[in-house]
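S.K.: Please find one structure pasted underneath; my questions will follow.
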Amino acid sequence: MFTGIVQGTGKIVHIHQPSADFRSHTVALPEHMAHNLQIGASIAHNGCCLTITQINGNQATFDLMAETLAKTNLGSLKTGDSVNLERAARFGDEIGGHVMSGHIIATTPISRIEQNAHNRTLYFRLPPSLAAYILPKGFIGLDGCSLTIGDVTAHEFNVHLIPETLQRTLFGSRQVGDSINIEIDTQTQAIVDTVERVLAQRKAA
């Protein structure tokens, strides 16, 4: 379980890809995230839950299977690229964002960016298959960040980012066209799916 509060960014220092449907990568973790690492522990990379398979000092290695490569932006990473990182939440931790599973459902590109002196607004293409779950003022996970959705149109949605988010995460350097991982809020998904199922049953009756 994760909270969507990115704790830092890490740099990809090595990639091993023996086949098209499998790769492993090694990440140099920031010092404050590298204590008490254990093989088998989970760390979210751009919101995607990955399991530590090897540890060497502050460097940790993770395996990425075919489903991860297909559904997330991790398969396009190169050595030297950075990722948003969050270690798994522990019972008793403060939940500053919202409960997230680390299961990426899709990716979407940044369609445009608006910037002023204190804020940055990012617009994303609205995936039609996810439109029912992306609601104004609802929660969404974007590259591992727990964010509040701003406006939603037929083709786009946006989020408003404060300077702290821009400084702490990769969103300070993201550009138009960059592919972003999406995790839908599970409570929103459950409510929407239940209502649609009940309405369909009533219509069929």
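So for the sequence shown, UniProt numbering puts the first residue at 1; every next one is plus one.
For glycine and all other residues, C-beta sits at the position ideal for the given N, C-alpha and C.
As the structure is a computational prediction, the values presented were derived from the model and not from experiment.
Along the alpha helix (DSSP H) that carries K203, what are the first and last residues, could you check?
M.R.: Taking the sequence shown and counting its residues from 1, one reaches residue 203 at position 203. Looking at the DSSP string, the run of the alpha helix (DSSP H) that includes K203 is T186 to A204.
S.K.: Is the beta carbon of F139 sitting closer than 9 Å to the one on G4?
M.R.: Residue numbering aside, residue 139 sits at position 139 when the sequence shown is read from its first letter. Residue numbering aside, residue 4 sits at position 4 when the sequence shown is read from its first letter. Yes, Cβ-Cβ distance for F139 and G4 is below 9 Å.
S.K.: Tell me where the beta strand (DSSP E) around Q59 begins and ends.
M.R.: Here residue 59 corresponds to residue number 59 of the sequence shown, with the count starting at 1. It spans Q59 to L64 - the beta strand (DSSP E) in which Q59 sits, taken as one unbroken run.
S.K.: List the endpoints of the continuous beta strand (DSSP E) containing E86.
M.R.: On the sequence shown, position 86 is the one that residue 86 refers to. Taken as a continuous stretch (DSSP letters only), the beta strand (DSSP E) holding E86 covers S82 to R87.
S.K.: At what residue ranges does the UniProt repeat "Lumazine-binding" (99–195) contain a whole run of the beta strand (DSSP E), taking only runs of 3 or more?
M.R.: Here the runs fully enclosed are 106–115, 120–125, 139–142, 145–152, 156–161 and 179–184.
S.K.: Report yes or no: do the region 126–134 and the region 183–201 share at least 3 C-beta pairs separated by less than 8 Å?
M.R.: Counting Cβ pairs under 8 Å, three or more are found: they touch.
S.K.: K11 lies in the beta strand (DSSP E); which residues open and close that run?
M.R.: Residue 11 sits at position 11 when you count from the first residue of the sequence shown. Counting along the chain, the beta strand (DSSP E) containing K11 begins and ends at G8 to S19.
S.K.: Residue range of the beta strand (DSSP E) that S42 falls in?
M.R.: As a position in the sequence shown, residue 42 is number 42, starting the count at 1. Residues S42 to H45.
S.K.: With a CB to CB cut of under 6 Å and the five nearest residues on each side skipped, what residues in its chain are close to S179?
M.R.: Here residue 179 refers to the residue found at position 179 when the sequence shown is read from its first residue. Result list for S179: N73, T107 and P109, in chain order.
S.K.: Quick one: what's I52 bridged to in DSSP?
M.R.: Residue mapping note: residue 52 aligns to position 52 of the sequence shown, counting from 1. I52 pairs with F62.
S.K.: Rounded to a whole number of angstroms, what is the C-alpha to C-alpha distance between H98 and S146?
M.R.: Here residue 98 refers to the residue found at position 98 when the sequence shown is read from its first residue. Here residue 146 refers to the residue found at position 146 when the sequence shown is read from its first residue. Cα to Cα, H98 sits roughly 6 Å from S146.
S.K.: Would you kindly check if the distance between the Cβ of E86 and the Cβ of F2 is under 9 Å?
M.R.: Residue numbering aside, residue 2 sits at position 2 when the sequence shown is read from its first letter. Residue numbering aside, residue 86 sits at position 86 when the sequence shown is read from its first letter. Yes, these two residues count as a Cβ contact at 9 Å.
S.K.: Beta-carbon separation of P30 and N58 under 9 Å?
M.R.: Indexing the sequence shown from 1 puts residue 30 at position 30. Indexing the sequence shown from 1 puts residue 58 at position 58. Yes, they are a contact pair.
S.K.: In the DSSP assignment, find the beta strand (DSSP E) that holds R23 and state where it starts and stops.
M.R.: For the purposes of this step, residue 23 is taken as residue 23 along the sequence shown, with counting starting at 1. Unbroken beta strand (DSSP E) run through R23: F22 to A28.
S.K.: Among A190, A205 and I12, whose alpha-carbon lies nearest the alpha-carbon of T79?
M.R.: On the sequence shown, residue 79 is found 79 positions in, with the first residue counted as 1. Closest by alpha carbon: I12.
S.K.: Measuring straight from C-alpha to C-alpha, what distance separates L77 and V198?
M.R.: Here the question's residue 77 lines up with position 77 in the sequence shown. Here the question's residue 198 lines up with position 198 in the sequence shown. Going from the Cα of L77 to the Cα of V198 covers about 42 Å.
S.K.: If you count every other CB in all the chains shown that lies within 10 Å of the CB of Q7, and 16 or more means buried, which is it?
M.R.: Residue numbering aside, residue 7 sits at position 7 when the sequence shown is read from its first letter. Q7 should be labelled buried.
S.K.: Could you tell me how far apart the beta carbons of T9 and L142 are, in whole angstroms, since I believe they sit closer than 8 Å?
M.R.: In the sequence shown, the residue the question calls residue 9 occupies position 9. In the sequence shown, the residue the question calls residue 142 occupies position 142. Between L142 and T9 the Cβ distance is about 15 Å, and since that is not below 8 Å, they are no contact.
S.K.: Please classify I149: is it buried, with 16 or more other beta-carbons within 10 angstroms of its beta-carbon, or exposed?
M.R.: Numbered from 1 along the sequence shown, position 149 holds the residue referred to as residue 149. Classification for I149: buried.
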